[in-house]
Amino acid sequence: MAEEPIISVQDVVKEFDDKRVLDGINLDVQAGETMVIMGGSGSGKSTLLRIMIGSIPATEGAVWLFGKNVCELDESGLNGVRKKFGILFQSGALFNSMTVAQNVALPLQEHTDLASEIIEIQVKIKLELVGLREHADKFPSQISGGMKKRAGLARALSLDPRVLFYDEPSAGLDPVTSAEIDQLIIDLTKKLHVTSVVVTHEMDSAFAIADRMAMLDKGRMLRVGTRESFEALMNKDDASAAGMGVDDRLIRQFLRGDPVGPITERKESTNYAEDLLGGPVEEHREKTPSVVTTRSSAVR
Ligand SMILES: Nc1ncnc2c1ncn2[C@@H]1O[C@H](COP(=O)(O)OP(=O)(O)O)[C@@H](O)[C@H]1O
Ligand SMILES: [Mg+2]
0 MAEEPIISVQ
10 DVVKEFDDKR
20 VLDGINLDVQ
30 AGETMVIMGG
40 SGSGKSTLLR
50 IMIGSIPATE
60 GAVWLFGKNV
70 CELDESGLNG
80 VRKKFGILFQ
90 SGALFNSMTV
100 AQNVALPLQE
110 HTDLASEIIE
120 IQVKIKLELV
130 GLREHADKFP
140 SQISGGMKKR
150 AGLARALSLD
160 PRVLFYDEPS
170 AGLDPVTSAE
180 IDQLIIDLTK
190 KLHVTSVVVT
200 HEMDSAFAIA
210 DRMAMLDKGR
220 MLRVGTRESF
230 EALMNKDDAS
240 AAGMGVDDRL
250 IRQFLRGDPV
260 GPITERKEST
270 NYAEDLLGGP
280 VEEHREKTPS
290 VVTTRSSAVR
């Protein structure tokens, strides 16, 4: 791929106090693709996403977004960049005192000079895209979790972004609703030709929507590759997996949700160290990936 990436994360390090949460991350995202960033809870996915959108600074490194290094932009520069991407947060993050339509209209009122009739039309178009036009006048408390995500997505789309960022789009949803949201993400990507960056720890969603995938573990990027390459790794039989490096075996365990492998071995050895020292060792236990195989194990 000779084309310039639309997003380029270069040697990004993030430390909170003296705790290193991201350790030299590199990741390119090409225009039009859906990149899924996977990893267990606490692996650094949300932190990476927040650095990519310029909402928190990196300790070291650079993030190029639309040809600008967001790590060096001032607030007005960041505001210019922010108009070109949309974000869907974990919770949907709707304002409860506003209707669905008012929530979707808000970015248009804040960032454009459009007349209110035009905004109204724009809102209708966005709500139609996510299948919520009939529910425009409902308040967030009156709609289901899946509909809140759709409304959040309509709001993320309000300024016609070229890039959409999602943090755990299917978190907290039942399997069917979650699959519907996956399908919506796929449809929107096709219809609108947007570039999507999706953070998830749910493997079924990951494989459903990804063109390429990236695997984070404890702040390290273990692998970036096509969905097919991750599928091939997941489907390696035990005999050939035994000869792989520890990182690939760890990814394979994560993707498959196997009860035995490098992730669980690490957990056991941490517990042993804890045992010896008579107390918790840092926060290792919390950082151990929680393996979520979700619906895929039954389907595949
Ligand atoms: N604002 C913060 N201050 C201190 N530590 C943080 C902060 N945000 C995240 N962390 C830590 O960084 C690590 C990665 O967190 P996060 O990016 O939220 O992981 P994920 O989204 O993969 O679950 C965790 O150990 C978390 O406790
Ligand atoms: Mg997170």
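Numbering-wise (numbering that gives the first Met the number 0), the sequence shown opens with residue 0 and increments by one.
Ideal Cβ placement from N, Cα and C applies to all residues, glycine included.
Say whether the stretch 152-163 touches the stretch 209-218, bearing in mind that this needs 3 or more beta-carbon pairs closer than 8 angstroms, one atom from each stretch. Short answer: they don't touch.
Do the stretch 177-191 and the stretch 94-111 meet, that is, are 3 or more Cβ pairs less than 8 angstroms apart?
-> Note that the stretch 177-191 does not touch the stretch 94-111; fewer than 3 beta-carbon pairs, one per stretch, sit closer than 8 angstroms.
- Task: Sort 101, 171, 27 by Cα distance to residue 138 and report the nearest one.
- Result: In this structure, 101 is the residue among 101, 171, 27 with its C-alpha nearest to the C-alpha of residue 138.
Given this structure, state the Cα-to-Cα distance separating residue 36 from residue 173, to the nearest angstrom. Taking the straight line joining both Cα atoms gives about 21 angstroms.
Around ligand 1, what residues have a beta-carbon under 6 angstroms from a heavy atom of it, in chain order?
By the rule of a C-beta closer than 6 angstroms to any heavy atom of ligand 1, the residues picked out are 15, 20, 38, 40, 41, 42, 43, 44, 45, 46, 286.
Worksheet item: How about residue 29 and residue 194: are their beta carbons less than 9 angstroms apart?
Response: The criterion of a C-beta distance shorter than 9 angstroms is satisfied by residue 29 and residue 194.
Measure how close the beta-carbons of residue 211 and residue 226 come, nearest whole angstrom, since I'm counting them as under 8 angstroms.
Indeed they touch by this definition, with Cβ atoms about 7 angstroms apart.
Would you check if there are 3 or more beta carbon pairs closer than 8 angstroms linking the stretch 58-67 to the stretch 2-14? A contact between stretches requires three or more CB pairs, one per stretch, nearer than 8 angstroms, and the stretch 58-67 meets this requirement with the stretch 2-14.
ask   = Excluding the five sequence neighbours on either side, which residues of its own chain have a C-beta within less than 6 angstroms of the C-beta of residue 66, listed in chain order?
value = If you ignore the 5 residues before and after residue 66, its C-beta comes within less than 6 angstroms of no other C-beta in its own chain.
Checklist entry - Based on Cα-Cα distance, which residue from 151, 49, 20, 146 lies nearest to residue 176? => result Per the Cα distances, 146.
Notebook entry, point to check: Quick one: is residue 288 buried, meaning 16 or more other Cβ sit within 10 Å of its Cβ, or exposed?
Noted result: Only weak support exists for where residue 288 lies, its pLDDT of 43 falling under 50; the coordinates are left without a value.
In the DSSP assignment, find the unbroken beta strand (DSSP E) run with residue 214 in it and report its ends. Counting along the chain, the beta strand (DSSP E) containing residue 214 begins and ends at 211-216.
- Message: Please report the straight-line C-alpha distance between residue 50 and residue 87, rounded to a whole angstrom.
- Response: When rounded, the distance between both Cα atoms is 15 angstroms.
Item to complete: Mark residue 207 as exposed unless 16 or more other C-beta atoms lie within 10 angstroms of its C-beta, in which case mark it buried.
Response: Per the 10 Å Cβ criterion, buried.
| query | Between residue 197 and ligand 2, is the CB less than 8 angstroms from at least one heavy atom? | reply | False, no ligand heavy atom lies under 8 angstroms from that Cβ.
What residue range does the alpha helix (DSSP H) around residue 47 cover?
Note, residue 47: alpha helix (DSSP H), 44-51.
**Between the CA atoms of residue 122 and residue 241 - distance to the nearest angstrom** = The alpha-carbon atoms of residue 241 and residue 122 are separated by roughly 54 angstroms.
Under 8 angstroms by Cβ, that's how I've got residue 131 and residue 153 pegged, so tell me the actual separation to the nearest angstrom.
-> So it is a contact: roughly 6 angstroms between Cβ atoms.
- Item | Continuous beta strand (DSSP E) assignments of at least 3 residues falling wholly in the stretch 195-245 | Runs of the beta strand (DSSP E) inside the stretch 195-245: 211-216, 219-225.
Kindly examine ligand 2 and report whether one of its heavy atoms sits closer than 8 angstroms to the Cβ of residue 166. Within the cutoff, so yes.
ask   = Which term fits residue 363, buried or exposed, when burial requires 16 or more other beta carbons within 10 angstroms of its beta carbon?
value = Because the chain is modelled from 0 through 299, residue 363 falls outside the range shown and cannot be assessed.
*Could you please give me the residues that DSSP links to residue 172 through a beta bridge?*
None, per the DSSP bridge assignment.
**Request:** Kindly examine ligand 2 and report whether one of its heavy atoms sits closer than 8 angstroms to the Cβ of residue 141.
**Result:** No, since every heavy atom of ligand 2 falls outside the 8 angstroms radius drawn around the Cβ of residue 141.
**Prompt:** When DSSP builds the beta bridges, which residues end up paired with residue 22?
**Reply:** Partner(s): 12.
*Tell me, which residues are paired with residue 163 by DSSP?*
Answer is 85, 195, bridged to residue 163.
I'd like to know whether the C-beta atoms of residue 307 and residue 262 end up nearer to each other than 9 angstroms. With the chain covering only 0 through 299, there is no way to say anything about residue 307.
* Taking C-alpha atoms, which residue in 26, 165, 21 lies nearest to residue 4? -> Distances from the CA of residue 4 to each of 26, 165, 21 were compared; the closest alpha carbon is that of 26.
| message | Among 258, 44, 32, whose alpha-carbon lies nearest the alpha-carbon of residue 2? | response | Comparing Cα-Cα distances from residue 2 to each of 258, 44, 32, the minimum goes to 32.
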